[in-house]
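Remarks on the structure that follows.
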Amino acid sequence: MSVKVEKLNYTYSEGTALESVALKDISFEIENGSFVGIIGHTGSGKSTLIQHLNGLIKASSGKIYFNGKDIYADDYKLKEHRQKVGLVFQYPEHQLFEVDVISDVCFGPLNEGLSKEEAFERAKEALSLVGMDEKYYDKSPFELSGGQKRRVAIAGVLAMKPEVLILDEPTAGLDPMGREEILEEVSRLQKASKMSVVLVSHSMEDVSKYADKILVMNKGELVLDGTPKEVFKNIELLESIGLRAPEITYIVRDLRKLGLDIDDDISSVEEAKDAILKALGKDAKP
Ligand code: ADP
Ligand code: MG
Numbered sequence: 517m518s519v520k521v522e523k524l525n526y527t528y529s530e531g532t533a534l535e536s537v538a539l540k541d542i543s544f545e546i547e548n549g550s551f552v553g554i555i556g557h558t559g560s561g562k563s564t565l566i567q568h569l570n571g572l573i574k575a576s577s578g579k580i581y582f583n584g585k586d587i588y589a590d591d592y593k594l595k596e597h598r599q600k601v602g603l604v605f606q607y608p609e610h611q612l613f614e615v616d617v618i619s620d621v622c623f624g625p626l627n628e629g630l631s632k633e634e635a636f637e638r639a640k641e642a643l644s645l646v647g648m649d650e651k652y653y654d655k656s657p658f659e660l661s662g663g664q665k666r667r668v669a670i671a672g673v674l675a676m677k678p679e680v681l682i683l684d685e686p687t688a689g690l691d692p693m694g695r696e697e698i699l700e701e702v703s704r705l706q707k708a709s710k711m712s713v714v715l716v717s718h719s720m721e722d723v724s725k726y727a728d729k730i731l732v733m734n735k736g737e738l739v740l741d742g743t744p745k746e747v748f749k750n751i752e753l754l755e756s757i758g759l760r761a762p763e764i765t766y767i768v769r770d771l772r773k774l775g776l777d778i779d780d781d782i783s784s785v786e787e788a789k790d791a792i793l794k795a796l797g798k799d800a801k802p
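Numbering-wise (the working numbering), the sequence shown opens with residue 517 and increments by one.
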């Protein structure tokens, strides 16, 4: 049970003067219940790639298997697929259009054919998952803060009960507090359910904290695919494509240069704290 991508290629406006190759021979797998980060510079192909995962864009060549089934097979039900693989676009608040929050989140389930009562139950559950309580139900989406609008948009996709939740740069344009809140919420959701999460970001800090696996894109190619620790070992490669490892890995590298005996694959602040205290002969307090 997973999403499996095999040798995916995609060219925009194929056969015209505007032809541009966006994805080159991409292969990877998203295991069930995992948290995958996709990172890369603007224009590296992240948004194009994730739109393939939920079937919005069809590959020029290559295959995608969802739970073992070829999504390009003639008898594959793409409409159902789009519910199972939910996509939250970048700046999703631009897609809030109903008069109030609850109607907006009910839209998907109603469209799917659920009754008003069922849709309301779904919407209520989804809104509570993103931490929006009943006092917001009757508010216009336009009265909400940036972070709240984004939560409502995420709830709209969650109300469809997806097996995979894809978020395209969910923290773009939010202040640090709003960013942290959204990511914590998503991480909690992923841990509490069987849902897989795919988080697209250009911030290594954001991705490294939550992802089990990181895919690094550059100019339409997948250049790294591994655990955060595996990926951050390639600091030179990351820098050569305009990315950085999380700040803590640089601090650890400097401390090692200064002679502190700590591992070279530390990738989080918590790990660094424990390792430094241990190296200094002090036990880390819980
Ligand atoms: P990212 O999300 O990493 O910023 P995109 O997937 O949006 O990257 O873009 C990848 C490449 O495809 C870029 O060169 C971009 O200019 C091009 N591209 C994206 N969308 C379109 C489109 N609708 N038509 C033509 N080219 C596009
Ligand atoms: Mg993008």
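All residues carry an ideal CB built from backbone N, CA and C; glycine is no exception.
Non-local beta-carbon contacts of V739 in its own chain, meaning distances under 6 Å to residues more than five positions away in sequence, involve V732 in chain order. By the Cβ rule, the stretch 685-705 counts as touching the stretch 650-669, because three or more pairs are nearer than 8 Å.
With a cut-off of 7 Å, the C-beta of Q706 is classified as distant from the ligand MG, since no heavy atom of the ligand falls inside that distance.
Going by C-alpha positions, G629 is about 13 Å away from K595. Judged by DSSP secondary structure, N627 falls within the alpha helix (DSSP H) whose first and last residues are V617 to N627. Boundaries cannot be given for K574, as no alpha helix (DSSP H) includes it and DSSP labels it neither H nor E. A residue is called buried when at least 16 other Cβ atoms come within 10 angstroms of its Cβ; V615 does not meet this threshold and is exposed. Given a length threshold of 3 residues, each whole run of the beta strand (DSSP E) inside the stretch 691-751 is given here in chain order: 712-717, 729-734 and 737-742. Pairwise C-beta distances place the stretch 707-718 in contact with the stretch 558-566, as three or more of them are shorter than 8 Å. By the neighbour-count criterion, in which 16 or more other beta carbons inside 10 Å mark a residue as buried, T765 falls on the buried side. For F605, same chain residues with a beta-carbon under 6 Å away, outside a window of 5 residues either side, are D684 in chain order. Leaving aside the five residues that flank V673 on each side, the residues in its chain whose CB is nearer than 6 Å to its CB run, in chain order, G602 and V604. If the five residues before and after G553 are omitted, its C-beta is found closer than 6 Å to the C-beta atoms of L715, V723, A727 and I730, all from its own chain and listed in chain order.
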